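Straight run, no breaks: the sequence shown in the working numbering ends on number 330.
Note that the Cβ used here is the ideal one computed from N, Cα and C, for glycine as well.
Computed from a prediction, not measured in an experiment: that's the story for all the values here.
Notes follow the structure.
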Amino acid sequence: MQVTATAPGKAILFGEHSVVYGKPAIAVAVDRRAQVKIQKLDNTEDNTIQVKVKNPPLSRCIDLKEDRIIPEDKNNQNGILDYIFKSLKKVNQEDGIEITVDLKIPLGAGLGSSAAVTVATIAAASRYNQINLSKDEIAEYAHQVELEVQGAASPIDTTISTFGGIIYLSRNAKTAIPLQINWDLPLVIGYTEKPGNTGKLVESVRLKRKAYPEIINPILDSMERITENAREALLHGNQKKLGDLMNINQGLLDALGVNSIELSNMVYTARNTGAIGSKITGAGGGGSIIAFCPNKLEKVVSALEASENAFSVHISPEGVQVNVDE
Ligand code: PMV
5 MQVTATAPGK AILFGEHSVV YGKPAIAVAV DRRAQVKIQK LDNTEDNTIQ
55 VKVKNPPLSR CIDLKEDRII PEDKNNQNGI LDYIFKSLKK VNQEDGIEIT
105 VDLKIPLGAG LGSSAAVTVA TIAAASRYNQ INLSKDEIAE YAHQVELEVQ
155 GAASPIDTTI STFGGIIYLS RNAKTAIPLQ INWDLPLVIG YTEKPGNTGK
205 LVESVRLKRK AYPEIINPIL DSMERITENA REALLHGNQK KLGDLMNINQ
255 GLLDALGVNS IELSNMVYTA RNTGAIGSKI TGAGGGGSII AFCPNKLEKV
305 VSALEASENA FSVHISPEGV QVNVDE
C-alpha cells in the first residue's frame, strides 16, 4: 500500500504579531503544497524509517527505537525532519517504511512549510496505519507537533493547512471560521532569501510593548480593528478597502519594528507597479510580503523578480488531501 497526502502552505493576510496578544487574524491557504508519500520498504529486515526530501535534497533515517535521526545534525538543526519525526510518533507509526517529501513551498519564508509538512505527514501516516482522524484531530495533532518542535506557535498555520480556504481566527484563537468569498483574490508573494526569525521578532515586539505600553497597545488594538474591517471587506468584495487596510497594517508592522529594507523595497515596488495593497506577511524581519494585485499579477511578479523572488498565488480551497494506492 502507498499513501500520499498533500497540504497547502499559507499566507497571513492580517493579524501577524497582534495574534500573539489574543487579537483576531485572517489567513489564506495558497496553492503551493507539501506532498508526503509513505510506502513499505522493500527490505523487510530494515527496521528504520527512511526519509527522502526532494527539495532541498536531504536523506535521513529515523530510528524510532533509539529515538533519533541518523546521521545526527551536530547543530541540532534537523529542519523539517523534526516535524516529521514528531508527527510519526503521534500516530504510533512503526518502522519499515519510506517517506518521500516533495515541498513546493519555499522554506523559512513564513509561508507555513513546516505546518504543511506536519499536516500532510499526520494525514498520510494515520491513513497508512488505518487510524481514522477527523480534520479537527489532524489540525490539533499538527498544532501539538509545532508546539513540541518550536516551543511556541499559534494554531493559525496548522489550521489553515488542514482546512484550506480563507480562515478568520477569532480573539484568543477560540474559533477558526471559514470565510466564504465569491470573488477572485489575485495575490502575489514576494520573498527574500534572507529568512526572518519568528521567535526573535515576537520577542522584540514583546520588549517594545513592555517599554512603551501606552504606545504599542493602541497599535495592537488598531490591528484588531483592521482585521475586523478586512473581514467585512473580504465578505463584501470591497477591493479598495482591502488594499487600504493592507497598507495601513504595513505602517503599523513597521512601527512595531518588524520591517526590513528588503521587505520595504518589495512593498513599495509592488505598490508602484499597481498593487492596491501590500504588506509583510508572517513575522517579518526577512521572509515574505503579500500584495493584492487585481489585473496586475504579472506586472507585479516581474517587478519583484528584478531584485527578489516572487510568484502569484491562488487560494487553495482544498486543505489536506489523502490518496491511497493499494
Ligand atoms: O512567519 P510566520 O508565518 O511563522 O508567522 C508568524 C506570525 C506571528 O504572529 C508573528 C507569530 C505567531 O505565532 O502567530
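Determine the DSSP secondary structure at residue i, reduced to helix, strand or coil.
i           : result
residue 95  : coil
residue 292 : strand
residue 280 : coil
residue 259 : helix
residue 138 : coil
residue 71  : coil
residue 179 : coil
residue 186 : coil
residue 146 : helix
residue 247 : helix
residue 313 : strand
residue 303 : helix
residue 285 : strand
residue 161 : helix
Could you tell me which residues DSSP puts in a beta bridge with residue i?
i           : result
residue 46  : Paired residues: none, contrary to the question.
residue 327 : 8
residue 173 : 29 and 180
residue 241 : Answer is none; residue 241 lacks a bridge partner.
residue 65  : 54 and 74
Just to check my reading of the structure: residue i and residue j have Cβ atoms closer than 8 Å, yes? What is that Cβ distance to the nearest angstrom?
i           : j           : result
residue 9   : residue 127 : 4 Å
residue 160 : residue 284 : Actually they are not in contact, since the Cβ atoms of residue 160 and residue 284 sit about 15 Å apart, beyond 8 Å.
residue 122 : residue 91  : 5 Å
residue 281 : residue 257 : Contact flag wrong, Cβ pair sits at about 13 Å.
residue 7   : residue 132 : 5 Å
residue 185 : residue 239 : 6 Å
residue 34  : residue 85  : Actually they are not in contact, since the Cβ atoms of residue 34 and residue 85 sit about 23 Å apart, beyond 8 Å.
Problem - Sequence-ordered residues whose beta carbon comes within less than 5 Å of a heavy atom of the ligand PMV - result: 20, 21, 23, 114, 158, 202, 286 and 287
Problem - Segment contact flag, the segment 204 to 212 with the segment 285 to 301, C-beta cutoff 8 Å, min 3 pairs - result: yes
Handout entry: Cβ contact check for the segment 190 to 197 and the segment 170 to 179: 3 or more pairs under 8 Å
Key = Per the Cβ contact rule, the segment 190 to 197 is not in contact with the segment 170 to 179 (fewer than 3 Cβ pairs under 8 Å).
Exercise for the section: Specify whether the segment 257 to 272 and the segment 55 to 67 touch according to this definition: at least 3 beta carbon pairs, one from each stretch, less than 8 Å apart. Expected result: no
Exercise for the section: Answer yes if the segment 19 to 31 comes into contact with the segment 163 to 177, meaning at least three C-beta pairs across the two stretches below 8 Å, and no otherwise. Expected result: Yes, they touch.
Exercise for the section: Take every Cβ of the segment 63 to 79, pair it with every Cβ of the segment 123 to 142, and state whether three or more of those distances are shorter than 8 Å. Expected result: no
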